[in-house]
Ligand SMILES: Nc1ncnc2c1ncn2[C@@H]1O[C@H](COP(=O)(O)OP(=O)(O)OP(=O)(O)O)[C@@H](O)[C@H]1O
Ligand SMILES: [Mg+2]
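Numbering (the numbering used here), first residue to last: 783 to 1012.
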């Protein structure tokens, strides 16, 4: 469970000008929920996601991950915790162009504490099959459609068996049909793995995929909707 308590993030713009990207947000991301975050450009969605991920240090407030205050840890401890618990599916292109699909999916294991083991390649192949890309294992990203590339990003995000999957506008570069396919994949992953998902989206049409949604404006959470029983 991720808990943001009274969290703010202020950026210094120079000449005494600052911007409060996230302002006094308290938010509990509950285990197993599919939380969708909406809001206009500049409302603080990406900053909130990066705060929840322990990637951005809050200017004030605390971020705890399963009870651990992530900014009380050393850089290495925090990186290890992130690597164990969190998978990232941010806006592509984030695949490495010179690596094949399989090699891209294997990337996170290079940084994992236990590194590669005998089962690693098998697991990557399974995940690639799960996202429907078995025939593309040896393909390079440029040989894939946008939707297929996003599927690889999702498979890669699941490689280290994260408890939480964070996604920042994962469908913003996709046409409507492909967007639906990728969102259906997120839904299937959520249902079959019981994983927690926190997703930022530009499109209010996608809110119904979540079990809960929050809307942001000017760095604050201005609305919340429970969708689990809708
Ligand atoms: N590294 C940074 N330095 C300075 N200002 C920043 C930085 N990152 C974000 N901001 C500012 O903080 C505010 C929130 O930005 P953020 O990227 O979180 O918005 P967003 O809701 O994700 O927007 P979008 O929908 O366009 O991705 C914006 O005013 C932005 O300009
Ligand atoms: Mg953003």
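Positions of the beta carbon are idealized from the N, C-alpha and C atoms, including for glycine.
Bear in mind the structure is a predicted one, so any value in this text is a computation, not a measurement.
Taking 7 Å as the limit between beta carbons, can you name the residues of its chain near residue 818, skipping five residues before and five after?
Locating residue 818 in the chain shown gives position 36, where the first residue counts as 1. If the five residues before and after residue 818 are omitted, its C-beta is found closer than 7 Å to the C-beta atoms of 981, 983, 988, 989, 991, 992, 995, all from its own chain and listed in chain order.
Regarding residue 827 and ligand 2, is the C-beta to nearest heavy atom distance less than 8 Å?
As a working note, residue 827 is residue 45 in the chain shown. Using a cutoff of 8 Å, the CB of residue 827 counts as near ligand 2, since one of the ligand's heavy atoms is closer than that.
Check whether the segment 907-914 and the segment 820-834 touch, using three or more Cβ-Cβ pairs below 8 Å as the test.
Contact between the segment 907-914 and the segment 820-834 is absent, because fewer than three Cβ pairs lie under 8 Å.
By alpha-carbon positions, which one of 1002, 962, 963, 947 ends up nearest to residue 977?
Walking along the chain shown from the start, residue 977 turns up at place 195. For the residues 1002, 962, 963, 947, the minimum Cα distance to residue 977 belongs to 947.
Can we count residue 793 as close to ligand 1, meaning its CB is less than 8 Å from some heavy atom?
By 1-based counting over the chain shown, the position of residue 793 is 11. Because some heavy atom of ligand 1 lies under 8 Å away, the Cβ of residue 793 counts as near it: yes.
How close, in whole Å, do the beta carbons of residue 887 and residue 965 come, if the pair is a contact with beta carbons under 8 Å?
Counting from 1 along the chain shown, the entry for residue 887 is found at position 105. Counting from 1 along the chain shown, the entry for residue 965 is found at position 183. That belief does not hold up - the Cβ atoms of residue 887 and residue 965 are roughly 20 Å apart, past 8 Å.
N- and C-terminal bounds of the beta strand (DSSP E) containing residue 998
Indexing the chain shown from 1 puts residue 998 at position 216. Residues 994-999.
Going straight from the alpha carbon of residue 922 to that of residue 903, what length do you get?
Within the chain shown, numbered from 1, the residue matching residue 922 stands at position 140. Within the chain shown, numbered from 1, the residue matching residue 903 stands at position 121. When rounded, the distance between both Cα atoms is 17 Å.
Nearest-angstrom Cβ-Cβ length linking residue 1002 and residue 806, presumed shorter than 8 Å
Looking up residue 1002 in the chain shown gives position 220. Looking up residue 806 in the chain shown gives position 24. Between residue 806 and residue 1002 the Cβ distance is about 7 Å, and since that is below 8 Å, they are a contact.
Express the C-alpha separation of residue 852 and residue 861 in angstroms, rounding to a whole number.
Walking along the chain shown from the start, residue 861 turns up at place 79. Walking along the chain shown from the start, residue 852 turns up at place 70. Near 10 Å, if we compare the C-alpha coordinates of residue 852 and residue 861.
Which full runs of the alpha helix (DSSP H) of 4+ residues lie inside the segment 807-849, going along the chain?
Those alpha helix (DSSP H) runs which fall completely within the segment 807-849 and span 4+ residues are 827-834.
Which partner residues does residue 793 have in the DSSP bridge list?
In the chain shown, residue 793 corresponds to position 11, counting from 1. Residue 793 is bridged to 801.
Taking the beta carbon of residue 944 as the centre, do at least 16 other beta carbons fall within 10 Å, making it buried, or is it exposed?
As a working note, residue 944 is residue 162 in the chain shown. So residue 944 counts as buried.
DSSP state of residue 869 mapped onto helix, strand, coil:
Position 87 of the chain shown, counting from 1, holds the residue named residue 869. If DSSP states are grouped into helix, strand and coil, residue 869 belongs with the strands.
Given the structure, does residue 835 come close to ligand 1, in the sense that its CB is under 8 Å from one of the ligand's heavy atoms?
As a position in the chain shown, residue 835 is number 53, starting the count at 1. No; taking the cut-off as 8 Å, the Cβ of residue 835 has no heavy atom of ligand 1 nearer than that.
Quick check on this structure: which residue in 932, 939, 968 has the alpha carbon closest to the alpha carbon of residue 957?
To locate residue 957, count along the chain shown from 1; it is residue 175. Taking only the C-alpha atoms, the option nearest residue 957 is 932.
Span of the alpha helix (DSSP H) holding residue 961?
Taking the first residue of the chain shown as 1, we reach residue 961 at position 179. 958-975 is the extent of the alpha helix (DSSP H) around residue 961.
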